[in-house]
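Colleague:
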Ligand code: MSP
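Numbering (this note's numbering), first residue to last: 9 to 562.
1) Rounding to the nearest angstrom, what Cα-Cα distance links residue 281 and residue 168 in this structure?
2) So within the region 233 to 257, which uninterrupted beta strand (DSSP E) runs reach at least 3 residues, ignoring any that extend past its ends?
3) Between the Cα of residue 244 and those of 264, 253, 445 and 233, spot the shortest distance and give me the residue it belongs to.
4) Take residue 459 as the anchor and find which of 440, 489 and 98 has the nearest alpha-carbon.
5) Looking only at its chain, what residues have a beta carbon closer than 8 Å to the beta carbon of residue 78, apart from the 5 residues adjacent to it on each side?
6) Residue ranges of each alpha helix (DSSP H) run of no fewer than 4 residues wholly in the region 314 to 370, ordered along the chain?
7) Consult DSSP for residue 31 and reduce its assignment to one of helix, strand or coil.
8) Would you say residue 263 touches the ligand ATP, meaning its beta carbon is less than 8 Å from a heavy atom?
9) Closest by CA to residue 288, which one among 262, 258, 308 and 320?
10) Between the region 465 to 481 and the region 374 to 382, do at least 3 Cβ pairs fall closer than 8 Å?
11) Helix, strand or coil: which one does DSSP assign to residue 287?
12) For the ligand MSP, is there a heavy atom less than 8 Å away from the beta-carbon of residue 320?
13) Confirm the yes/no value for this check: CB of residue 266, any heavy atom of the ligand MSP, distance under 8 Å.
14) If distances are taken between C-alpha atoms only, which option among 178, 239, 201 and 351 comes closest to residue 208?
15) Rounded to the nearest angstrom, what separates residue 448 and residue 327 at their Cα positions?
16) Taking residue 91 as the reference, which of 486, 198 and 46 has the closest Cα?
17) Quick check on DSSP: helix, strand or coil for residue 407?
18) Which ranges would you report for the beta strand (DSSP E) in the region 158 to 223 if only whole runs of at least 3 residues count?
19) For the beta strand (DSSP E) that contains residue 76, what are its first and last residues?
20) In its own chain, which residues sit with a C-beta less than 6 Å from the C-beta of residue 554, not counting the 5 before and 5 after it?
21) Do you know whose CA, among 344, 396, 214 and 269, lies nearest residue 307's CA?
22) When you compare only the Cα positions, how much space is there between residue 34 and residue 145?
23) How would you write the range of the alpha helix (DSSP H) that residue 540 sits in, first residue to last?
24) My output table needs one value for residue 151: the three-state DSSP class, helix, strand or coil.
25) For the ligand MSP, is there a heavy atom less than 8 Å away from the beta-carbon of residue 335?
26) Report yes or no: do the region 62 to 73 and the region 438 to 452 share at least 3 C-beta pairs separated by less than 8 Å?
27) If you check the beta carbons only, do residue 114 and residue 202 fall under 9 Å apart?
28) Based on the DSSP output, what are the partners of residue 263 in its beta bridges?
29) Determine contact between the region 403 to 419 and the region 533 to 552, defined as no fewer than three beta-carbon pairs at a distance below 8 Å.
30) Keeping to the same chain, check which residues put their C-beta closer than 7 Å to that of residue 526; ignore five residues upstream and five downstream.
31) Keeping to the same chain, check which residues put their C-beta closer than 7 Å to that of residue 479; ignore five residues upstream and five downstream.
32) Would you mind reading off the limits of the alpha helix (DSSP H) that contains residue 4?
33) Span of the beta strand (DSSP E) holding residue 438?
34) Cβ of residue 564 within 8 Å of any heavy atom in the ligand MSP?
35) With distances taken from CA atoms, which of 134, 393 and 530 is nearest residue 432?
36) Relative to the C-alpha of residue 83, which candidate in 105, 388 and 557 has its C-alpha closest?
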């Protein structure tokens with residue numbers, strides 16, 4: 009079907025079909041986070057995955073686009089089975105408890121998900137069974153013997169080349185996954201196999217649409233596809249893995265947990281019920297450790313089932329602690345709740361988004377977090393708010409009028425510089441968000457905030473008020489420009505720090521309908537147009553925007 013569609017597409021190319029998808033662009037676009045294993049409590053790395061998706065989702069909404077954001081928990085497989093046994097719990101009780109912890113964590117962090125899926129839900133097992141049957145009908149599933157390495161921690165089948173020898177402290181030799189460093193075990197089992205090897209050319213065509221961001225991850229996947237692409241085992245004997253969805257036609261087998269988990273994206277799209285929603289081009293956000301599953305297996309499964317592969321994969325790197333990946337097994341995880349207590353929810357959101365960079369690993373230290381938050385939220389942004397709303401500067405507590413004719417020749421260059429910066433900012437932020445670079449978008453906003461602060465300081469409106477009429481008029485114009493800059497920054501900051509942005513917009517008394525980017529115009533008074541804000545009174549006082557933190561020593 010997929011091949012057929014590709015050949016019959018009016019525009020004639022595989023690329024066209026991939027871009028359009030055959031579910032069409034109707035309805036809200038689907039953005040997803042990975043679903044989280046329930047064998048451990050949420051840590052900062054998990055929160056980062058969800059947060060990056062949240063900021064993309066909120067930004068789309070700000071631009072007036074209709075998107076859905078799904079998240080959830082990955083509850084099947086041997087890892088969860090083993091953890092439940094070790095804790096003496098029924099797996100379903102463990103799943104319910106930890107899933108609830110993730111949900112609570114995401115609610116506390118302000119993750120604006122529109123669907124939370126659990127792989128133990130009935131709607132999900134229905135989607136998985138339907139999908140399995142589709143793969144079977146289309147000839148992509150056969151019974152064979154899998155012989156090779158299996159990594160339980162990663163729930164991954166690995167070739168000899170993907171493993172290496174390692175030694176423990178006592179000199180014992182064992183094998184590990186070369187990518188994750190987790191131990192692997194030899195396995196020989198009769199399994200159901202998926203004909204992955206038949207899909208190389210379709211996967212290469214999909215890669216031509218450059219669906220993976222940032223680009224270095226695209227190159228990694230291109231390289232994988234140049235290597236051996238063996239068929240994939242997609243079931244485990246039920247006697248070994250009982251905590252999972254049975255193969256529909258053979259209950260002595262359990263469906264491979266990664267096939268089960270990836271289908272969650274279809275479950276939230278309403279699959280297989282076309283009346284709920286169609287599977288259109290989807291965007292998945294994921295950490296680099298699960299790239300192969302999303303960039304090779306997932307598009308291959310979809311193509312095999314006759315469905316369009318993902319539109320975009322947004323891949324992020326990891327948070328490390330002293331250079332080592334944060335993970336439960338290494339016991340070096342940072343507790344997000346503890347960070348919220350220290351920095352507030354928006355403080356933590358800002359730090360993770362601003363300091364984290366999708367293309368490279370970042371080290372988490374409280375020292376760096378405190379310094380960054382003090383400098384950018386407390387001093388720069390909080391300072392700007394204070395400058396233009398404090399009673400000493402703005403005794404009438406209002407938006408003054410801007411007078412084009414009031415600009416003194418000596419200030420023209422400073423004004424041009426400020427207007428140049430603020431006018432190009434929305435476009436810059438849009439480009440960065442489109443390229444999955446929220447960190448750079450925030451950097452651009454911070455640098456504009458500093459530019460506004462510098463402009464205010466250099467023009468010194470508090471001195472201008474003491475001068476003649478012309479000086480006073482320019483003083484009022486400077487105040488207007490500063491308030492208008494702040495309105496722009498707070499509007500753009502809503503996806504990253506919704507609480508702080510709301511505080512500022514409330515203080516500036518910006519009505520809710522004027523808080524989007526769609527149709528919103530800034531600095532219109534500088535072109536001689538009427539700006540509705542002029543003459544309006546400000547909202548009530550909000551106190552300190554962000555309290556300075558005590559900087560922890562390194
Ligand atoms: N259950 C699978 C995903 C299935 S999606 C169909 C899984 N779960 S996980 O809980 O281990 O990881 C979920 C997400 O958290 C992944 O995107 C992973 O990269 C991310 N992180 C886990 N540790 C991380 C860091 N230390 N830093 C940043 N993100 C990290 O994989």
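Here a beta-carbon is modelled for each residue, glycine too, at the ideal position from N, C-alpha and C.
Modeller: Taking the geometry as given:
1) C-alpha of residue 281 to C-alpha of residue 168: approximately 41 Å in a straight line.
2) Whole beta strand (DSSP E) segments, 3+ residues: 243 to 245.
3) In terms of CA proximity to residue 244, 264 leads the group 264, 253, 445 and 233.
4) Minimum Cα distance to residue 459 is reached at 489.
5) Non-local C-beta neighbours of residue 78 in its own chain, meaning closer than 8 Å and more than five positions away in sequence, comprise 38, 39, 40, 41, 121, 122, 123, 124, 125, 272, 273 and 276, ordered along the chain.
6) Listed in chain order, the alpha helix (DSSP H) runs fully inside the region 314 to 370 are 344 to 351 and 353 to 363, counting runs of at least 4 residues.
7) Its pLDDT being 34, under 50, residue 31 is placed unreliably by the model, and the measurement read from it follows with that caveat. DSSP places residue 31 in the coil class of the three-state scheme, outside both helix and strand.
8) Looking for the ligand ATP in the displayed structure turns up nothing; the ligands present are the ligand MSP.
9) Checking every option, the nearest Cα to that of residue 288 belongs to 320.
10) Judged by Cβ distances under 8 Å, the region 465 to 481 makes no contact with the region 374 to 382, as fewer than three pairs qualify.
11) Three-state DSSP puts residue 287 in coil, outside helix and strand.
12) Answer for residue 320: no, Cβ out of range of the ligand MSP.
13) True, at least one ligand heavy atom lies under 8 Å from that Cβ.
14) Of the candidates 178, 239, 201 and 351, 239 places its Cα closest to the Cα of residue 208.
15) If you draw a straight line from the Cα of residue 448 to the Cα of residue 327, it is about 17 Å long.
16) Looking only at 486, 198 and 46, the smallest Cα-Cα distance to residue 91 is reached by 46.
17) If DSSP states are grouped into helix, strand and coil, residue 407 belongs with coil.
18) Correct list: 164 to 166, 171 to 175, 181 to 185 and 193 to 202.
19) Where residue 76 is concerned, the enclosing beta strand (DSSP E) stretches over 75 to 82.
20) Closer than 6 Å at Cβ, skipping near neighbours: 385, 386 and 390.
21) Looking at the Cα atoms, 214 is the closest of the given residues.
22) At residue 34 the pLDDT is 48, less than 50, meaning the model places this residue with poor confidence; the figure from the coordinates comes in the next sentence. Going from the Cα of residue 34 to the Cα of residue 145 covers about 28 Å.
23) If you look at residue 540, you'll find it isn't in any alpha helix (DSSP H); DSSP assigns it neither H nor E.
24) Strand at residue 151.
25) In terms of side-chain proximity, the C-beta atom of residue 335 is found nearer than 8 Å to a non-hydrogen atom of the ligand MSP.
26) The region 62 to 73, when compared against the region 438 to 452, does touch it at the 8 Å Cβ threshold.
27) No, the pair does not count as a contact, with Cβ atoms beyond the cut-off.
28) Residue 263 is bridged by DSSP to 243.
29) The region 403 to 419, when compared against the region 533 to 552, does touch it at the 8 Å Cβ threshold.
30) Cβ within range, chain order: 71 and 72.
31) Within the same chain, 472 come within 7 Å of residue 479 by CB-CB distance, once the 5 residues on both sides are set aside.
32) Only positions 9 to 562 of the chain appear in this structure, which leaves residue 4 out of reach.
33) Looking at the DSSP string, residue 438 is not in any beta strand (DSSP E); the run it does join, the alpha helix (DSSP H), is 420 to 442.
34) Past the boundaries of the shown model lies residue 564; the chain is included only from 9 to 562, so the question cannot be answered.
35) Check the Cα spacing between residue 432 and each of 134, 393 and 530: the tightest is with 530.
36) Among 105, 388 and 557, the Cα nearest to that of residue 83 is on 105.
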